[in-house]
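In the working numbering, the protein residues as written are 31 to 179.
Glycine residues also receive a C-beta, built at the ideal position from the N, C-alpha and C atoms.
Okay, here's the thing in structure tokens:
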């Protein structure tokens, strides 16, 4: 049985606070993604990353990219009993301009790459592959979910 594909036929865009948006556009083939982010923590700052998704590029460029968290946020989460499985192996911890992981980042622009990984997971919640172009600026799970609705 051939796989079903959701083909985006027109631009769909949702907007959030502080200029954040997530958008799907028609595409000739497959799924392309572009993300830009802007964080006050200097260790993250402003980053962009774009990819025409295929299995090889997913494995080589995205799959291993870790989530990231501000040190103050992780301390709070742990104080209320959350983030118990978190470690410097599974997350990048930043504090201002510093990355607290002794080994640093696994790859350049790991923060933006992880946001793309998040977006791929969010889009797959639609239930099928997509033929589309995704563009996100300061987007996250909530905004991506609104986009699918």
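Sixteen is the threshold: since fewer than 16 other Cβ atoms of the shown chains lie within 10 Å of the Cβ of residue 35, the residue is exposed. Residues of the same chain with a CB within less than 6 angstroms of the CB of residue 62, apart from the 5 flanking positions on each side, are 82 and 163 in chain order. Secondary structure note for residue 121: its beta strand (DSSP E) is the uninterrupted segment 121-125. When DSSP assignments are scanned along the segment 36-97, the uninterrupted stretches of beta strand (DSSP E) that are 3 or more residues long and fall wholly within it turn out to be 42-45, 51-55, 61-68 and 76-82. The C-alpha of residue 40 lies about 22 angstroms from the C-alpha of residue 168. Segment contact: the segment 123-130 against the segment 87-104, three or more CB-CB distances shorter than 8 angstroms; contact assigned. A distance below 7 angstroms between beta-carbons, with the five flanking residues on each side excluded, links residue 50 to the following residues of its chain, in chain order: 167, 168, 169 and 173. Given a length threshold of 3 residues, each whole run of the beta strand (DSSP E) inside the segment 106-172 is given here in chain order: 121-125 and 159-167. At least 8 angstroms separates the beta-carbon of residue 131 from that of residue 112.
With 16 or more neighbouring CB atoms inside 10 Å of its own CB, residue 144 falls in the buried class. As the crow flies, the alpha-carbon of residue 150 is around 31 angstroms from that of residue 109.
Our two residues, residue 78 and residue 90, have alpha carbons roughly 17 angstroms apart in a direct line.
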